[in-house]
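*Asks:*
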Amino acid sequence: MIELLVYALVALGIFFLLVAAIGVVRMPDLYNRMHATSKAGTLGVGLILVAVAVFYQELSVAARALSALAFIILTAPVAAHALGRASYLSGVKPCEDTYIDELAGHYQKNHKLESVDKTTPSSPTES
Amino acid sequence: MRAFVYNVVLTVFWMLVTESFTLSNFLVGFALCFLILLLARPLFDAPSRRYFTLAWKLPRFGALMLWEIVLSSLRVAQAVLSPRLSIKPGFIAYPLTVKSDLEITLLANLITLTPGTLSLDVSTDRKVLYVHGMFVDDPQAVIQSTHDSLEKAVLEVTR
Chain A
1068 MIELLVYALV ALGIFFLLVA AIGVVRMPDL YNRMHATSKA GTLGVGLILV AVAVFYQELS
1128 VAARALSALA FIILTAPVAA HALGRASYLS GVKPCEDTYI DELAGHYQKN HKLESVDKTT
1188 PSSPTES
Chain B
29 MRAFVYNVVL TVFWMLVTES FTLSNFLVGF ALCFLILLLA RPLFDAPSRR YFTLAWKLPR
89 FGALMLWEIV LSSLRVAQAV LSPRLSIKPG FIAYPLTVKS DLEITLLANL ITLTPGTLSL
149 DVSTDRKVLY VHGMFVDDPQ AVIQSTHDSL EKAVLEVTR
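Protein sequence lines, in the order shown, are assigned to chains A and B.
Following our numbering, the numbering of the first sequence begins with 1068 at its first residue and continues without gaps.
Following our numbering, the numbering of the second sequence begins with 29 at its first residue and continues without gaps.
This is the structure we're talking about:
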């Protein structure tokens, strides 16, 4: 029973890692590629780590696997942000399908980023 | 915060009394002491009492985060594996209502982990978060849904 669960978790994890890899090849530009790696990659690695914790059923292994998972969830978006920002600043062009670019022209020479005026949407719960 | 310190101190006492210093015993003791402190809730002042609501809200926030990761991975998988690439990428400026470092970090991380959006950078005056979206048919709808679900969830655990 446990074995089957481990197999399923590992298989799903590998599937999502494969999706991330295919995404890197198929997506038209860097920014879309990072969508594939940051999301499907996180889930794939996460599922495999959970499978490791389930397989060994030891507290020390589980604690390490789950803390590794927590750090991956916390750091993958930061890595995506750093990569995306650096590549936008160094002039990587978004692909031609890009629908709107509200970021264009807002970076100043000293890498400071201007804000634009936008109204905050009203929340339905607050009155 | 004070309630948390009490909880840890009580748990250490529990471990001393039961003479077992394992992680599982720590967790059992922590849960027990939490229940005891919950009974003593009226004795704490209002800011310390936040600990008890957080104990309920933090796991829910974690569950939301995990759920969003699963949803967004499925969305990415669907987009990647479909024979024709049906993506409509774009950069959107998202007006922030959250202010502190922690809140912006949490929100940016959540945005990256939710379907179709990836946070790129925060403006220097912290008013706008620039987001790259994969399926931007209607920028206003993306902003509205992010505001309603994610920003609310972040505010719930930080304030």
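Where is the CB? At the ideal position from N, CA and C, for every residue including glycine.
Can you confirm whether the stretch 115-132 of chain B touches the stretch 1133-1151 of chain A when touching is taken to mean that 3 or more C-beta pairs between the two stretches lie within less than 8 Å?
*Replies:* No, because fewer than three Cβ pairs between the stretch 1133-1151 of chain A and the stretch 115-132 of chain B fall closer than 8 Å, the two stretches do not touch.
*Asks:* Can you find the residues in the same chain that come closer than 7 Å, C-beta to C-beta, to Leu1133/A, ignoring five residues on each side of it along the sequence?
*Replies:* Numbered from its first residue, the first sequence carries residue 1133/A at position 66. Cβ neighbours of Leu1133/A beyond the five flanking positions: Ala1120.
*Asks:* Just mark Asp129/B as buried or exposed, buried being the case when its beta carbon has 16 or more other beta carbons within 10 Å.
*Replies:* Translated into the one-based positions of the second sequence, residue 129/B becomes position 101. It is exposed - the Cβ of Asp129/B has fewer than 16 other Cβ atoms within 10 Å.
*Asks:* Within 8 Å (strictly less), CB to CB, does Glu1169/A reach chain B?
*Replies:* The count along the first sequence starts at 1 and reaches residue 1169/A at position 102. Yes, because at least one Cβ of chain B sits closer than 8 Å to the Cβ of Glu1169/A.
*Asks:* By how many angstroms is the C-alpha of Tyr1123/A removed from the C-alpha of Gly1113/A?
*Replies:* For this step, residue 1113/A is matched to residue 46 along the first sequence. For this step, residue 1123/A is matched to residue 56 along the first sequence. When rounded, the distance between both Cα atoms is 16 Å.
*Asks:* Threshold first: 4 residues or longer. Then list the alpha helix (DSSP H) segments lying entirely within the stretch 96-179 of chain B, N to C.
*Replies:* Complete alpha helix (DSSP H) runs here, min 4: 129-141, 167-173.
*Asks:* Quick one: list the residues of chain B neighbouring Gly1151/A, beta-carbon separation under 7 Å, in chain order.
*Replies:* Taking the first residue of the first sequence as 1, we reach residue 1151/A at position 84. Chain B residues near Gly1151/A: Leu146, Leu148, His160.
*Asks:* Check whether the Cβ atoms of Pro1161/A and Ser1105/A lie closer than 8 Å to each other.
*Replies:* If you number the first sequence from 1, residue 1161/A lands on position 94. If you number the first sequence from 1, residue 1105/A lands on position 38. Their beta carbons are not under 8 Å apart, which means Pro1161/A does not touch Ser1105/A by this criterion.
*Asks:* Helix, strand or coil for Tyr1098/A, going by three-state DSSP, please let me know.
*Replies:* As a working mapping, residue 1098/A is identified with position 31 in the first sequence. Note: Tyr1098/A maps to helix in three-state DSSP.
*Asks:* Can you tell me whether DSSP reads Tyr1074/A as helix, strand or coil?
*Replies:* As a working mapping, residue 1074/A is identified with position 7 in the first sequence. Tyr1074/A falls in the helix class under three-state DSSP.
*Asks:* Does DSSP put Tyr1166/A in a helix, a strand or coil?
*Replies:* As a position in the first sequence, residue 1166/A is number 99, starting the count at 1. Looking at Tyr1166/A - three-state DSSP - the assignment turns out to be coil, as it is neither helix nor strand.
*Asks:* Mind reading off the beta-carbon distance from Ala17/B to Leu92/B? Whole number of angstroms is fine, and I expect it under 8 Å.
*Replies:* Since the first residue of chain B shown is 29 and the last is 187, residue 17/B is not available in this structure.
*Asks:* Around the Cβ of Asp73/B, are there at least 16 other Cβ atoms within 10 angstroms (buried) or fewer (exposed)?
*Replies:* The residue labelled residue 73/B in the question sits at position 45 within the second sequence. Exposed.
*Asks:* Should Ile64/B be labelled buried (16 or more other beta-carbon atoms within 10 Å of its own) or exposed?
*Replies:* Indexing the second sequence from 1 puts residue 64/B at position 36. Exposed.
*Asks:* Indicate whether at least one CB of chain A lies closer than 8 Å to the CB of Gly118/B.
*Replies:* One-based indexing of the second sequence puts residue 118/B at position 90. By this cut-off, Gly118/B is an interface position.
*Asks:* Please list the terminal residues of the continuous alpha helix (DSSP H) segment that includes Gly57/B.
*Replies:* Mapped onto the second sequence, residue 57/B falls at position 29. Start and end: 51-67.
*Asks:* Step through the CB atoms of chain A and report whether any lies within less than 8 Å of the CB of Leu82/B.
*Replies:* Position 54 of the second sequence holds residue 82/B. By this cut-off, Leu82/B is not an interface position.
*Asks:* Please say whether Ile1140/A and Thr1165/A have beta carbons closer to each other than 8 Å?
*Replies:* For the purposes of this step, residue 1165/A is taken as the residue at position 98 of the first sequence. For the purposes of this step, residue 1140/A is taken as the residue at position 73 of the first sequence. Against a cut-off of 8 Å, the Cβ pair of Ile1140/A and Thr1165/A comes out as no contact.
*Asks:* Give the interface partners of Val1183/A over in chain B, defined as CB-CB distance under 7 Å, in chain order.
*Replies:* In the first sequence, counting from the first residue as 1, residue 1183/A sits at position 116. By Cβ distance, chain B contributes Ala121, Val156.
*Asks:* Considering only their Cβ atoms, is the gap separating Ser114/B from Ala105/B smaller than 8 Å?
*Replies:* By one-based count along the second sequence, residue 105/B stands at place 77. By one-based count along the second sequence, residue 114/B stands at place 86. Contact: no.
*Asks:* If the criterion is Cβ atoms closer than 8 Å, does the pair Ser100/B and Pro143/B meet it?
*Replies:* The residue labelled residue 100/B in the question sits at position 72 within the second sequence. The residue labelled residue 143/B in the question sits at position 115 within the second sequence. Yes, the pair counts as a contact, with Cβ atoms nearer than the cut-off.
*Asks:* Using a cut-off of 7 Å between C-beta atoms, extract the partners of Asp153/B located in chain A.
*Replies:* On the second sequence, position 125 is the one that residue 153/B refers to. Ordered by position in chain A, the residues that pass the 7 Å Cβ test against Asp153/B are Ser1182.
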